[in-house]
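Data first, discussion second: the structure below is written as C-alpha cells.
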Amino acid sequence: MPAHTIDGVQLSKQLRADIAARAAALSAAGHRPGLAVIIVGDDPASHVYVRNKVKACADAGFHSVLEKYEADFAESALLERIAALNADPAIHGILVQMPLPKHIDPAKVIEAIAASKDVDGYSVLSAGELMTGLDGFRPCTPYGCMKLIETTGVDLRGKHAVVIGRSNTVGKPMALLLLQANATVTICHSGTADLGYHTRQADIVVAAVGRRNTLTGDMVKPGAIVIDVGINRDDEGKLCGDVDFDSVRDVASHITPVPGGVGPMTITMLLMNTLEAAERGAKRA
Ligand code: NAP
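Written out as C-alpha cells, the structure reads:
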C-alpha cells in the first residue's frame, strides 16, 4: 500500500486557525502580536517569501511591519533599525530575511535581535536553549517538521531517526528536536560514507540537503516516516524535494510531498513563535 501523504497545507490551516483565535484573545487584552520583517536587496525569491510572511500575519490578525531596503543599505543602518524594533513594544518578533548582501555580516545581524524577539530561532542563545533543553524559540522549519511527524501518532521513544543535512537552521536543530522527543538520532552529511546504510535503519528520515533524488525507495526501511525539507527543481523546472517521491511512497508509511508538505509549515511556525513571544510579553506586562 502506498504511504499516507502528510498534508502540510491542511495541518497549516488547522494550526493557523488556532493561532488566529489565540491572537484575537491577546489583541482583545491589548497585546496584539506584532512581527517586523526586514528585507535588504532585490532577490526576487526573498521578496516572495517576505510577502507571504506579511500576508500570513494579516490573515492571523497580527500587526506586521515590512521594511524594505536597497542592496547598498549600510550594515550600521540595519543594526540601528533592529535596535529601534527591539525597543518597540508593538513588535514581538523580528525577522531579517536571508541571504543578506555580502557587505552585511549575517551573524552580527542575528545577534543584534533581542533574544525575546528572535522568532527565527537563529541566534546563538536560541541554539543554546535548544541544545540545553530550555524553553526558547525553535527554528521554524524543524519545528514544523516535528508537527508533521506528530500527525502520524508515532511515539518517537525507541525509534531511530536519521537527519540528512547538518545546517544550523535545519539539520542540527532538527536532530536536537528529535532527540528531545526521545528518538535515537543519527546525523548524515556530505562526508557520510554510505548514506543508504544509515537511512535503511531509520524509522524516521528527514532529508534537508537541497539535492533532488538524495533519498530513493531502495534507501528506505519499509514503514518509515519520511519528511522532505528540500526545495529543488526537476528537469521540467517543477518544484521537487530531496526525496524521490514515487519510489519512496511505495516503501514508507508516511511521506510529505513537495510542494505542500514542509513548506507551508515554516511560515505557520513563524506565526506560532511570534504568538508565543507576544503571550510571554503579555505575561510580563
Ligand atoms: P544547506 O545549508 O546547504 O545544508 C545542506 C546540508 O546537506 C549540509 O549539511 C550538507 O553537508 C548536506 N549534504 C549535501 N550533500 C549531501 C549528500 N550528498 N549527502 C548527504 N548530505 C549532503 O541547506 P539548508 O539551509 O539546510 O536547506 C536544505 C534544503 O532545505 C534546501 O533545499 C533548502 O532550500 C530547503 N529548505 C526548505 C525550507 C522549507 O520551508 N521547506 C526551509 C529551509 C530550507 P555538509 O554540511 O557536509 O556540507
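At position 134 of the sequence shown (counting the first as 1) the number is 490 in the working numbering, and the numbers step up by one without a gap. Note that the Cβ used here is the ideal one computed from N, Cα and C, for glycine as well.
Proximity below 8 Å, CB of residue i to CB of residue j
{"i": "Met530", "j": "Leu551", "result": "no"}
{"i": "Pro495", "j": "Gly477", "result": "yes"}
{"i": "His516", "j": "Ala558", "result": "yes"}
{"i": "Ile520", "j": "Val561", "result": "yes"}
{"i": "Ala564", "j": "Gly527", "result": "yes"}
{"i": "Asn442", "j": "Ala483", "result": "no"}
{"i": "Phe418", "j": "Pro445", "result": "no"}
{"i": "Gln453", "j": "Val404", "result": "no"}
{"i": "Gly566", "j": "Gly586", "result": "yes"}
{"i": "Leu486", "j": "Leu434", "result": "no"}
{"i": "Leu481", "j": "Ala471", "result": "yes"}
Where residue i sits in the DSSP three-state scheme
{"i": "Asn588", "result": "strand"}
{"i": "Ile394", "result": "strand"}
{"i": "Tyr478", "result": "coil"}
{"i": "Lys458", "result": "coil"}
{"i": "Glu485", "result": "helix"}
{"i": "His403", "result": "helix"}
{"i": "Thr361", "result": "strand"}
{"i": "Thr548", "result": "coil"}
{"i": "Ile645", "result": "Because the chain here runs from 357 to 641, residue 645 falls outside it and cannot be looked at."}
{"i": "Ile469", "result": "coil"}
Cβ neighbours of residue i in the same chain (closer than 6 Å, five flanking residues each side left out)
{"i": "Gly397", "result": "Ala427 and Pro457"}
{"i": "Gly637", "result": "His448"}
{"i": "His554", "result": "Val518, Thr542 and Cys544"}
{"i": "Ser715", "result": "One cannot answer for residue 715 here, as it falls past the ends of the chain, which runs 357 to 641."}
{"i": "Cys596", "result": "Arg568, Asn588, Asp590 and Val614"}
{"i": "Ala539", "result": "Leu512, Lys515 and Ala517"}
{"i": "Ala608", "result": "Ala359, Val576, Ala580 and Val582"}
{"i": "Asp600", "result": "Asn569 and Thr572"}
{"i": "Val406", "result": "Val393, Ile395 and Gln453"}
{"i": "Asp474", "result": "Ser482 and Phe493"}
{"i": "Lys502", "result": "As written in the sequence, residue 502 is Met, which differs from the Lys given in the question. Around Met502: Leu533."}
{"i": "Ile466", "result": "Tyr478 and Ser479"}
Cut-off 8 Å between Cβ atoms - residues of its own chain near residue i, not counting five sequence neighbours on either side
{"i": "Arg378", "result": "Leu631 and Glu635"}
{"i": "Asn408", "result": "Ile623"}
{"i": "Gln370", "result": "none"}
Anticipated Cβ contact below 8 Å, residue i with residue j, distance rounded
{"i": "Gly364", "j": "Leu512", "result": "Not really, about 19 Å apart at Cβ, beyond 8 Å."}
{"i": "Pro358", "j": "Arg556", "result": "The Cβ separation is near 19 Å, so there is no contact."}
{"i": "Ala641", "j": "His387", "result": "7 Å"}
{"i": "Gly492", "j": "Met621", "result": "Not confirmed; about 19 Å, so no contact."}
{"i": "Ile627", "j": "Ala416", "result": "Correcting the residue type first, residue 627 is Leu in the shown sequence and not Ile. Contact flag correct, Cβ pair sits at about 5 Å."}
{"i": "Asp584", "j": "Asp598", "result": "6 Å"}
{"i": "Leu367", "j": "Thr507", "result": "6 Å"}
Own chain residues within Cβ distance below 7 Å of residue i, not counting five before or after
{"i": "Asp461", "result": "Glu431"}
{"i": "Thr361", "result": "Ile611 and Pro613"}
{"i": "Ala376", "result": "Ala416 and Gly417"}
Beta carbon proximity, residue i to chain C, threshold 8 Å
{"i": "Val421", "result": "In summary, chain C is missing from the structure at hand, where a single protein chain is found."}
### Task
Could I get the ranges of all uninterrupted alpha helix (DSSP H) runs contained in the stretch 490–537, with 4 residues as the minimum, in chain order?
496–506 and 527–536
### Task
Identify every run of the beta strand (DSSP E) within the stretch 560–613, keeping only runs that are complete inside it and at least 3 residues long; order them along the chain.
560–563 and 581–584
### Query
Which runs of the beta strand (DSSP E) fall wholly inside the stretch 416–465 and span at least 3 residues, in chain order?
419–425 and 449–452
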